[in-house]
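Protein chains: 2
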Amino acid sequence: MRRAKEGPDNRSKEPGADFLQLDIGDAPVRGRTQWLAERLRLAIADGRLPVGSTLPASRRLAADLGVSRGVVTDAYQRLAEAGHVTGNGRGGTTVVSAPALPRPEPPPAGPPSSSALFGPAPPGADIFDRLRTTPARIDLSPGLPDLAAFPRAAWLRAERTVLNTLEPSAFGYSDPSGAPAVRRSIARWLALNRGIRVDADEVMIVAGVSQALSLIAHVLRQDGITGIAVEDPCSLGIRQHLDYWGMDTPPVRVDGDGVCVEELRATGAKAVVLTPAHQFPTGVVLHGERRRQLSRWAEDGGLIIEDDYDAEHRYDRPPVSALRAALPEHVFYTGSISKLLAPALRLGWLLAPTRYRGDLALAKRNSDLGNAVLPQLVLAELLDSGELERQLRLLRRRHVQRRDVMIKAIADQLPGTVVHGAAAGLHLTLTLAPGVDDVALAAAAFARGVKAHPLSWYGQRPGRPGIVLGYAASPPGDIVEGIAALGAALRGRTGRNQG
Amino acid sequence: MRRAKEGPDNRSKEPGADFLQLDIGDAPVRGRTQWLAERLRLAIADGRLPVGSTLPASRRLAADLGVSRGVVTDAYQRLAEAGHVTGNGRGGTTVVSAPALPRPEPPPAGPPSSSALFGPAPPGADIFDRLRTTPARIDLSPGLPDLAAFPRAAWLRAERTVLNTLEPSAFGYSDPSGAPAVRRSIARWLALNRGIRVDADEVMIVAGVSQALSLIAHVLRQDGITGIAVEDPCSLGIRQHLDYWGMDTPPVRVDGDGVCVEELRATGAKAVVLTPAHQFPTGVVLHGERRRQLSRWAEDGGLIIEDDYDAEHRYDRPPVSALRAALPEHVFYTGSISKLLAPALRLGWLLAPTRYRGDLALAKRNSDLGNAVLPQLVLAELLDSGELERQLRLLRRRHVQRRDVMIKAIADQLPGTVVHGAAAGLHLTLTLAPGVDDVALAAAAFARGVKAHPLSWYGQRPGRPGIVLGYAASPPGDIVEGIAALGAALRGRTGRNQG
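Quick mapping for you: the protein sequence lines, in order, are chains C and R.
Numbered continuously in this note's numbering, the first sequence closes out at residue 499.
Numbered continuously in this note's numbering, the second sequence closes out at residue 998.
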């Protein structure tokens, strides 16, 4: 055996730090102190060593560079004399001032104004980033569970259990479609809570419903499908998402019985995204006859993407069974823990018709090699130990209370409006008298410190004006105050005092 | 205000469980026990309630359904009499036998044979899944750090710190490009360890290098680029990945000085993936004159995707600076913690030329709305506390020891071979005498219980035969035994005893 030449070998025998990429081979033998001081000065000047950062201990840096310790302490001393560092005692040597102009900070962008958020133009691709980065005293945006209820202690306990029992090999690359343990746990959860019978290996773990839609759009496009119909109104995020991946999104009307299947058929679309258990945002349940029509449409070749986004959150109505349970070979079924635990976990699942499963697994592999394993296993632990069911019961109690507070506040403050979708979910939709400009109303509420979404954002065609109001994430006091502000905004705009 | 009709309202006032989607409204009033027993029997039969599972406490299920407890205990009693459940005491009621044929388990696929893994055909898209699910006594596949060294206690400590200090709002939707805290920490890490000066908001958090490549392929395609050149040989996974996303991958030769820039120019490709610090798999460093040629190619409009996959792992050579440090507007720079902590974390970063940053942020948003937040914040904590640097020092010591064990074993067992790339990284590449069939050799080694990759898998054109050997993830004893088996396989195949 011989070893191929690989540049300057064995210059330092020990593994060294890569602090600032310093290579003592660049330094003149008789000018190492000056060389080192200069390199450090440059790093302080250009921000690689920002003010407040600590230099390595002189002994360690000397060992790493393969120089005597005196070279390092002398270099530090020069910087100290120039006023750039201080300390040098046990607390370490700290950068206190930069010698030249550091890179200028970009000017702060500042939050958008209420007119920028709620303007006459339809919301653009950046609307959710703008909403997120725009503070409001009270946030009644829909789509969030009670985030203060996140079970931090249970999560940490479950993570400890996982870390204590994991084989080292589990830290390597794993099945891109998900860890077997969590796929089993979710199959069980879906059987018990959603009436869906599915084998664990049919469950694909994804980074939430948004990734499920990306993957589905990709495999449908491979299949020649260029449009996916959506409910009108529907989630703005989902519509933007499908747009981004090049899909047309023909709108299909939703009335009091759910999506209008004849209108769906008339679009000619081969696929549709539906929220049958609790239509977003109207809250309508897909009823018997419409379900039968939809089954016929699916059996004629239509593909249904069932976004079961908040199905576990039902209050005073019987459960609505998932379409997937009845039509396994016609339905892509997707859900997530965003509404059960937290959107920040980016963890969801996808069930697909048999013929698409292989393509989806390949798309997931080539997107990211699979979700992070630890959170998957922590979720499995929470599911198997009953912790997630306890969390759901806790959330239901809190959400029902908050919902009732909101309904009462609306009755007090917004007479003449109609509340929709209260029997389930995390939000209400309020419809207003025809002719009210709901975007202007949302802008006026925002000016009073309350964030809520105009219903017209969700529609592709003109519809009844309204406001979509999340109640789950806000404490009751905020809800009362927020609805009062909305009422004041409405009275201020219409000029009539309806109180 | 009035409330829109939403189906059977107020049937049960309390939030209820969705256990098996039971709706007591479906039951005849005088036949509820039988109805419930039948529903449970069906669920046991079809596997929704598998053998070993526990039924809800009778008191709770009765409350959820809005029936008297006697209805539930009677139904449980019937199932017990039929032999399907047992218990009913404090331990709960457990399913012990299924009344009808449960859904048949699919026949076990079984691991592929060595000839299926290492056959004459080039490896297909499923090769990594096949390798992962095929056990071997000793695994010398490249690409993994010492997984047993994962700092479980430090990870858990950092997670506790994060969970103790997080605002509830942090559990909601967040910036799809990454949590600010970890972007700052990584900017600092890259400045100190890779000489890269970058603002925190230029760092995008991604699910590893694989997702970085997906996103880059997507935005380059939007820009009309249909091919990305790759080194020859290069990572098989990366080449498959680019293929999947519709990119041509013209090969560019790598010699002892790195990638051949004139050949790159001749391909006409507008972009190239490079591993300049430690070419994968040959281990070559991109040297001075080639770097200058490459800079000129980039300044003429070429885009470089710098996969800095194992740059922190260097042993007996000075650091090799990142191309990104010198050519920020021509280089997409990507790295991950897969080789520092664990691939299972799926956490990496991407820096991009200014003009691509907005498009990449949009692609990331529409792919998955961003990485999970908790692991990002845990990583930030590990970076800021110095824990990751300690981990790197620990890994370096272990890896150097294992590398040296492997080099000695190769000298003992495989004279006549040449070792490449030993000064850095997590693997060695061994080249063999011309004419040796390296795939057949890998198959023979596999038959002796040792997994390693033939070098020819990585090349698009015929090249020197060889074996790519990971040393970082295996204890020294396994390395010695594995190399001995490889030596025996080589002698067995060539018929010469070279010992």
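Virtual Cβ for every residue (Gly too), placed ideally from N, Cα, C.
Bear in mind that the values here come from a model prediction, so they are computed numbers and not experimental data.
Backbone CA spacing between L383(C) and E762(R) [nearest angstrom]: Within the first sequence, the letter at position 383 stands for residue 383(C). Within the second sequence, the letter at position 263 stands for residue 762(R). Spanning the two alpha carbons is a distance of roughly 55 Å.
Per-residue burial, N473(R) [other beta carbons within 10 Å of its own, 16 or more giving buried]: Here chain R comprises residues numbered 500 to 998, so residue 473(R) is not present and cannot be evaluated.
S955(R) versus L548(R): straight-line alpha-carbon distance, rounded: For this step, residue 955(R) is matched to residue 456 along the second sequence. For this step, residue 548(R) is matched to residue 49 along the second sequence. If I take the Cα positions, the gap works out to 50 Å.
Under 7 Å from the C-beta of L643(R): neighbouring residues of chain C: Numbered from 1 along the second sequence, position 144 holds the residue referred to as residue 643(R). Those are G172, listed as they occur along chain C.
DSSP three-state assignment for I225(C), whether helix, strand or coil: Start at 1 with the first residue of the first sequence, and residue 225(C) comes out as number 225. Three-state DSSP puts I225(C) in coil, outside helix and strand.
Burial state of P106(C) (16 or more Cβ within 10 Å): Residue numbering aside, residue 106(C) sits at position 106 when the first sequence is read from its first letter. Annotation note: pLDDT 48 at P106(C) (below 50); position unreliable, coordinate value reported separately. It counts as exposed.
For H812(R), three-class secondary structure by DSSP: Here residue 812(R) refers to the residue found at position 313 of the second sequence. Note: H812(R) maps to coil in three-state DSSP.
Proximal residues, the region 819-851 of chain R versus chain C, C-beta separation under 9 Å: V819, S820, A821, A824, S837, L840, A841, P842, A843, L844, R845, L846
DSSP beta-bridge partners of A445(R): Past the edges of chain R, shown from 500 to 998, lies residue 445(R), and the structure says nothing about it.
Presumed contact (8 Å Cβ cut-off) between A452(C) and L469(C), rounded CB distance: As a first step, residue 452(C) must be located in the first sequence, where it is residue number 452. As a first step, residue 469(C) must be located in the first sequence, where it is residue number 469. So it is a contact: roughly 5 Å between Cβ atoms.
Interface flag, R2(C) vs chain R, CB-CB below 7 Å: As a working note, residue 2(C) is residue 2 in the first sequence. Yes - at least one Cβ of chain R is within 7 Å of the one on R2(C).
Between the CA atoms of P250(C) and L303(C) - distance to the nearest angstrom: Translated into the one-based positions of the first sequence, residue 303(C) becomes position 303. Translated into the one-based positions of the first sequence, residue 250(C) becomes position 250. Their Cα atoms are separated by approximately 14 Å.
Cβ pair L925(R), V918(R) closer than 7 Å: Locating residue 925(R) in the second sequence gives position 426, counting from the first residue. Locating residue 918(R) in the second sequence gives position 419, counting from the first residue. No, the Cβ-Cβ distance between L925(R) and V918(R) is not below 7 Å.
Candidates R197(C), T226(C), L213(C): closest to D545(R) by CA position: Translated into positions along the second sequence, residue 545(R) becomes position 46. Closest by alpha carbon: R197(C).
Rounded straight-line distance, which links the Cα of R683(R) to that of D698(R): Here residue 698(R) is taken as the residue at index 199 of the second sequence, counted from 1. Here residue 683(R) is taken as the residue at index 184 of the second sequence, counted from 1. Distance between the alpha carbons of D698(R) and R683(R) is about 8 Å.
Minimum Cβ-Cβ distance from F649(R) to chain C less than 7 Å: Here residue 649(R) refers to the residue found at position 150 of the second sequence. So, interface residue.
Under 9 Å from the C-beta of H427(C): neighbouring residues of chain R: On the first sequence, residue 427(C) is found 427 positions in, with the first residue counted as 1. Result: empty, since nearest Cβ-Cβ is about 14 Å, beyond 9 Å.
Environment of P176(C) [buried if 16+ CB atoms lie within 10 Å]: On the first sequence, residue 176(C) is found 176 positions in, with the first residue counted as 1. By the neighbour-count rule (16 or more Cβ atoms within 10 Å), P176(C) is buried.
Ordered list of beta strand (DSSP E) runs contained in the region 710-790 of chain R, each at least 3 residues: 728-731, 750-754, 770-773
Below-7 Å beta-carbon distance, G487(C) vs any chain R residue: Locating residue 487(C) in the first sequence gives position 487, counting from the first residue. No, no contact with chain R.
Touch test, the region 435-450 of chain C against the region 465-484 of chain C, Cβ-Cβ under 8 Å, three pairs minimum: yes
Spatial neighbours of A648(R) in its chain, beta-carbon cut-off 7 Å, leaving aside the 5 residues before and after: Here residue 648(R) refers to the residue found at position 149 of the second sequence. L893, L894, R897.
Short-range partners of chain C found in the region 744-763 of chain R, where Cβ spacing is below 8 Å: W744, G755
Contacting residues, own chain, Cβ-Cβ under 7 Å from A988(R) (five flanking each side not counted): Position 489 of the second sequence, counted from the first residue, corresponds to residue 988(R). Taken in chain order, the residues that qualify are L940, A943, A944, R947.
Beta-carbon neighbours of G25(C), restricted to chain R and to distances below 8 Å: In the first sequence, residue 25(C) corresponds to position 25, counting from 1. Within chain R, the residues near G25(C) are P817.
For G569(R) and A472(C), the rounded distance between their alpha carbons: Counted from its first residue, the first sequence places residue 472(C) at position 472. Counted from its first residue, the second sequence places residue 569(R) at position 70. Each residue's Cα considered, the two are about 35 Å apart.
Closer than 7 Å to chain R by CB, D223(C): As a position in the first sequence, residue 223(C) is number 223, starting the count at 1. No, D223(C) lies away from the interface with chain R (no Cβ there is under 7 Å from its Cβ).
Cβ-based burial, E306(C) [other Cβ within 10 Å; buried from 16]: Taking the first residue of the first sequence as position 1, residue 306(C) is located at position 306. It is buried - the Cβ of E306(C) has at least 16 other Cβ atoms within 10 Å.
Validate contact between the region 846-859 of chain R and the region 698-708 of chain R using beta carbons, cut 8 Å, 3 pairs: yes
Within 7 Å, strictly: CB atoms of H278(C) and A298(C): For the purposes of this step, residue 278(C) is identified with residue 278 of the first sequence, where counting begins at 1. For the purposes of this step, residue 298(C) is identified with residue 298 of the first sequence, where counting begins at 1. Contact flag unset, no.
Start-to-end residues for the beta strand (DSSP E) that takes in V550(R): As a working note, residue 550(R) is residue 51 in the second sequence. It is not in any beta strand (DSSP E) - V550(R) carries neither H nor E in the DSSP assignment.
CA-to-CA distance, P842(R) to Y957(R), given in whole angstroms: Sequence index remark: in the second sequence, residue 957(R) carries index 458 (1-based). Sequence index remark: in the second sequence, residue 842(R) carries index 343 (1-based). Straight-line Cα distance between these residues: approximately 20 Å.
Interface residues of chain R facing F19(C) [CB-CB closer than 8 Å]: Taking the first residue of the first sequence as position 1, residue 19(C) is located at position 19. Simply L691, N692.
Cβ pair count under 8 Å reaching 3, the region 71-89 of chain C against the region 123-134 of chain C: no
Residues from the region 947-964 of chain R in contact with chain C, defined by Cβ distance under 9 Å: none
Nearest-angstrom Cα separation, counted from L432(C) out to P415(C): Mapped onto the first sequence, residue 415(C) falls at position 415. Mapped onto the first sequence, residue 432(C) falls at position 432. Rounded to the nearest angstrom, the two C-alpha atoms are 10 Å apart.
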